[in-house]
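Protein chains: 2
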Amino acid sequence: MMCAPFPGGTVSTIYAVAKRAGVSTATVSRVLSRPQVVTPTTRDRVLQAIEDLSYAPNSAARNLRTLKSGKLLVTVPDISNPFFALILQGIEDAAQRAGYAVLLGDTQHNAKREERYAQMLKHKEADGLIFLGHRLPKAAAELVRTLSPRCAPIVNGCEFSPHLGVPGVHIDNAKAAAEAMDHLYALGHRRVGVVTGPLLSPLSRDRLRGTRARAAAQHAEDELIIIPGDFSIESGVTAGEELLSAANRPTAVFCFNDEMAMGVVEAARARDVRVPEELSVVGFDDIRFASHVNPPLTTIAQPMREIGESTVRMLLMILENPEIYPVPLTLPHTLVVRGSTAPPPERHFAVGG
Amino acid sequence: MMCAPFPGGTVSTIYAVAKRAGVSTATVSRVLSRPQVVTPTTRDRVLQAIEDLSYAPNSAARNLRTLKSGKLLVTVPDISNPFFALILQGIEDAAQRAGYAVLLGDTQHNAKREERYAQMLKHKEADGLIFLGHRLPKAAAELVRTLSPRCAPIVNGCEFSPHLGVPGVHIDNAKAAAEAMDHLYALGHRRVGVVTGPLLSPLSRDRLRGTRARAAAQHAEDELIIIPGDFSIESGVTAGEELLSAANRPTAVFCFNDEMAMGVVEAARARDVRVPEELSVVGFDDIRFASHVNPPLTTIAQPMREIGESTVRMLLMILENPEIYPVPLTLPHTLVVRGSTAPPPERHFAVGG
DNA sequence: GAGAAAACTGCAATCGATTGCACCGCGCGG
DNA sequence: CCGCGCGGTGCAATCGATTGCAGTTTTCTC
Numbered sequence: 047m048m049c050a051p052f053p054g055g056t057v058s059t060i061y062a063v064a065k066r067a068g069v070s071t072a073t074v075s076r077v078l079s080r081p082q083v084v085t086p087t088t089r090d091r092v093l094q095a096i097e098d099l100s101y102a103p104n105s106a107a108r109n110l111r112t113l114k115s116g117k118l119l120v121t122v123p124d125i126s127n128p129f130f131a132l133i134l135q136g137i138e139d140a141a142q143r144a145g146y147a148v149l150l151g152d153t154q155h156n157a158k159r160e161e162r163y164a165q166m167l168k169h170k171e172a173d174g175l176i177f178l179g180h181r182l183p184k185a186a187a188e189l190v191r192t193l194s195p196r197c198a199p200i201v202n203g204c205e206f207s208p209h210l211g212v213p214g215v216h217i218d219n220a221k222a223a224a225e226a227m228d229h230l231y232a233l234g235h236r237r238v239g240v241v242t243g244p245l246l247s248p249l250s251r252d253r254l255r256g257t258r259a260r261a262a263a264q265h266a267e268d269e270l271i272i273i274p275g276d277f278s279i280e281s282g283v284t285a286g287e288e289l290l291s292a293a294n295r296p297t298a299v300f301c302f303n304d305e306m307a308m309g310v311v312e313a314a315r316a317r318d319v320r321v322p323e324e325l326s327v328v329g330f331d332d333i334r335f336a337s338h339v340n341p342p343l344t345t346i347a348q349p350m351r352e353i354g355e356s357t358v359r360m361l362l363m364i365l366e367n368p369e370i371y372p373v374p375l376t377l378p379h380t381l382v383v384r385g386s387t388a389p390p391p392e393r394h395f396a397v398g399g
Numbered sequence: 047m048m049c050a051p052f053p054g055g056t057v058s059t060i061y062a063v064a065k066r067a068g069v070s071t072a073t074v075s076r077v078l079s080r081p082q083v084v085t086p087t088t089r090d091r092v093l094q095a096i097e098d099l100s101y102a103p104n105s106a107a108r109n110l111r112t113l114k115s116g117k118l119l120v121t122v123p124d125i126s127n128p129f130f131a132l133i134l135q136g137i138e139d140a141a142q143r144a145g146y147a148v149l150l151g152d153t154q155h156n157a158k159r160e161e162r163y164a165q166m167l168k169h170k171e172a173d174g175l176i177f178l179g180h181r182l183p184k185a186a187a188e189l190v191r192t193l194s195p196r197c198a199p200i201v202n203g204c205e206f207s208p209h210l211g212v213p214g215v216h217i218d219n220a221k222a223a224a225e226a227m228d229h230l231y232a233l234g235h236r237r238v239g240v241v242t243g244p245l246l247s248p249l250s251r252d253r254l255r256g257t258r259a260r261a262a263a264q265h266a267e268d269e270l271i272i273i274p275g276d277f278s279i280e281s282g283v284t285a286g287e288e289l290l291s292a293a294n295r296p297t298a299v300f301c302f303n304d305e306m307a308m309g310v311v312e313a314a315r316a317r318d319v320r321v322p323e324e325l326s327v328v329g330f331d332d333i334r335f336a337s338h339v340n341p342p343l344t345t346i347a348q349p350m351r352e353i354g355e356s357t358v359r360m361l362l363m364i365l366e367n368p369e370i371y372p373v374p375l376t377l378p379h380t381l382v383v384r385g386s387t388a389p390p391p392e393r394h395f396a397v398g399g
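Chains as they are written, first to last, in the numbering used here: chain A, 47 to 399; chain B, 47 to 399.
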């Protein structure tokens, strides 16, 4: 019935331990889960047996019995993106501190893969889901529905959208974008290029909304040149080329992430346009490299690790008490001014030069 | 005994499906695993029942019965490092194509965490382990021992070291480093700074070995200035400052990763030392940003994704047939020459100037 | 020192799926 | 017309741990 101690490499079971210690499996189990209810003498015998056999409980068995997995599923659009990597790091850290393991899904922005991973929830491979994309997979939506009126163990990171019916953690993207624009306007810019992300995502739309609102307040909405990007360096380069070759070129560019900002800087350099003297560039996220490129990027800093940690906290709360819907959490951002922004060149400085 | 179909959000079991379809659980199971052995009529009835109840097999139960988890554990020293992130992406992709899920462990270079994750193997939470650090956790080493003479399902990425007794996938670090030095020597440099990684890791030692060998061949071993770094941008900055303030400053610096190279470039800029005119800089890895910084980095490109994919293939082979020890795999690297290297300034060009 | 309460420990059911073996019925050959 | 073979299905054991309940021992209390 049970396996050999170590010969053959087979792992020992709780039965083997119980036999060796001369107790029942119940006692062994209790030694591991609630040691204080077991007599010290017995406990020591059991612990010794556990050590002798180098026993470790089989978690599939435990998961089956307890109907929990001790795992959190995290889906990320692209791990190789430093922004997501940092959030993921925060998630991993918080999860493991809470005794949970992380199941990683890199969806590569692919809806099929998102669905496939969401299925894992149904199969009870994970106790909850944190998704960083902007789509709520069908399988997850179904879960939300069937669990209602209790809260499903699903949390979003970054992409808040109230109609998803799922709580999330994010910054105030509209406000952050407005602040970035404020900074540029305060320096004296009026004609500003905006390199957005894919406009499907609420995140990009919020930023664009904030950008537009600020421009409108400045009566400079017509001076906005909006170019859609995809968050890659390359799309930043392309956008930069387009902006710089325009007849009436902008004196500043606001990019919806740092990588595209790096791309714009690169495009500027290729055309011998100096940053920030001739072109100011603002990024978003404040990834690690932002402060180490030349010139260091002015950008909106997001608390990536904290976003990750908070999603975990939120998910754990739901797991603990699904009756209570957590309220979406908005974390603070900061405008970090560095060397990539400056007043526009004199010749373009129309007002009050 | 069984759960309600959907009311209450409880999930249905194979018993519920069997009952609804009027068959035994065995048949339901077979419909899912080997559909062709079931009569089409029955099969359709079962499939219908599965759909009606939106049934999904509980994987804890399956894992328990089959003694497999369908998961691969991957431990990474630091996910926020783009180098590891890309390898991880390769791993994730290959794993999921093979029907495996990835359990992620970010060890933060911390031995305790490495141990903790390795425990998961003992608990059968994963079928195998891919570790990207340089230490083989004790628990894993133990497994290697108890499984011997069969091969343990453990594979290393990047840090090959034959005495671990574990196969791995990596590049020829010594040779790559030698090529980097070759490039510098060919340009006419003699006095070269070397910013290494932590010398505990075989990877760093191999690169250092290659570096030294090449220098020796050039009779320039005394012209090597070796400074230990830790792979962070900051340590690159520090090393750069040290090298540039030396009495007899080097005309070139070889860094064991791109981030430290970026740090050195930054330090040079801070002192108004032009790169590459006054100082050549070579990196290692060719992370995405390497080609987009100013100047674009000359570096050794590693096939990150392929390394990740290969570790998975190797692990799957072991899982399939533990009798066969895979041979460690060496993948090709490439020296990519970009704008950060050039001949040394004339005044330092001793030979044949 | 008897009786009640408290503290331990064990029995056995249970979690949900998989699978070897046995069984049934049908078709075909003799 | 009988029997063999085979495809299809079901029975029931099994994977390994957890835990409610019951039984046993110990510890008090008076």
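Note that beta-carbon positions come from the ideal geometry of N, C-alpha and C, so glycine has one too. As the structure is a prediction and not an experimental result, all values here were calculated from the model.
In the structure shown, T59/A adopts coil according to DSSP, grouped into three states. It is roughly 10 angstroms from the alpha-carbon of M227/B to the alpha-carbon of G239/B. Taking 8 angstroms as the cut-off, the beta carbon of V321/B is found closer than this to the beta carbon of V327/B. In summary, P183/A is buried, with 16 or more beta-carbon neighbours lying within 10 Å of its beta-carbon over all protein chains present. With at least 16 other beta carbons inside 10 angstroms of its own, S250/A counts as buried.
The alpha-carbon of Q264/B is positioned some 11 angstroms away from that of L270/B. Contact between K117/B and E171/B holds: CB atoms are separated by about 7 angstroms, below the 8 angstroms threshold. Not one beta carbon of chain B lies nearer than 8 angstroms to the beta carbon of M306/A. When the alpha-carbon of T257/A is set against those of V283/A, F300/A and N294/A, the nearest one is in F300/A.
At least 8 angstroms separates the CB of N367/A from every CB of chain B.
Looking from the CA of T242/B, the closest CA among P208/B, N303/B and G234/B belongs to N303/B.
Q142/B and Y101/A have their C-alpha atoms roughly 30 angstroms apart.
Nearest Cα to V122/A within the set T88/A, E97/A, D90/A and C204/A: C204/A. Less than 8 angstroms separates the beta-carbon of V358/B from that of I137/B. Per DSSP, reduced to three states, the secondary structure at T71/B is helical. With a threshold of 8 angstroms between beta carbons, F177/B makes no contact with chain A. Put simply, of L210/A, I272/A, L230/A and V92/A the residue whose alpha carbon is nearest the alpha carbon of T297/A is L230/A. L99/A is a Cβ neighbour of R66/A, given a cutoff of 8 angstroms. Around the Cβ of A261/B, a 10 Å sphere holds 16 or more other Cβ atoms; the residue is buried. At a cut-off of 8 angstroms between beta carbons, N340/B contacts chain A.
Cβ-Cβ distances below 7 angstroms link A131/B to I125 in the same chain, with the five nearest sequence neighbours on each side left out; the list follows chain order. T284/B and A313/A have their C-alpha atoms some 30 angstroms from each other. In this structure, I346/B and F330/B form a Cβ contact; the two beta carbons are roughly 5 angstroms apart against a cut-off of 8 angstroms.
Leaving aside the five residues that flank N294/A on each side, the residues in its chain whose CB is nearer than 8 angstroms to its CB run, in chain order, R237. Contact of Q348/B with chain A by beta-carbon distance below 8 angstroms is absent, the smallest such distance being about 14 angstroms. For S281/A, no CB of chain B lies under 8 angstroms from its own CB, so it is not counted at the interface with that chain.
Considering only beta carbons, the part of the stretch 128 to 153 of chain A lying closer than 8 angstroms to chain B consists of P128, A131, L132, L134, Q135, E138, D139, Q142, A147, V148, L149, L150, G151 and D152, in chain order. Using a CB distance cut-off of 8 angstroms, E355/A does not count as an interface residue toward chain B.
Residue contact with chain B for N109/A: present (Cβ-Cβ distance below 8 angstroms to some residue of chain B).
Distances from the alpha-carbon of V57/A to those of Q165/B, T387/B, T344/B and S337/B put Q165/B closest. Of the candidates L254/A, M306/A and E288/A, the residue whose Cα lies closest to the Cα of E267/A is L254/A. Counting C-beta atoms within 10 angstroms of its own C-beta, D318/B has fewer than 16 neighbours from the protein chains shown and is therefore classed as exposed. Between M306/A and F277/A, the C-beta spacing is below 8 angstroms. Excluding the 5 residues flanking it on each side, R159/B has same chain C-beta neighbours closer than 6 angstroms at T153, in chain order. Residue pairing for N202/A: DSSP places it in a beta bridge opposite F177/A and G214/A. In this structure I176/A does not touch A186/A by the C-beta definition: roughly 11 angstroms separates them, more than the 8 angstroms allowed.
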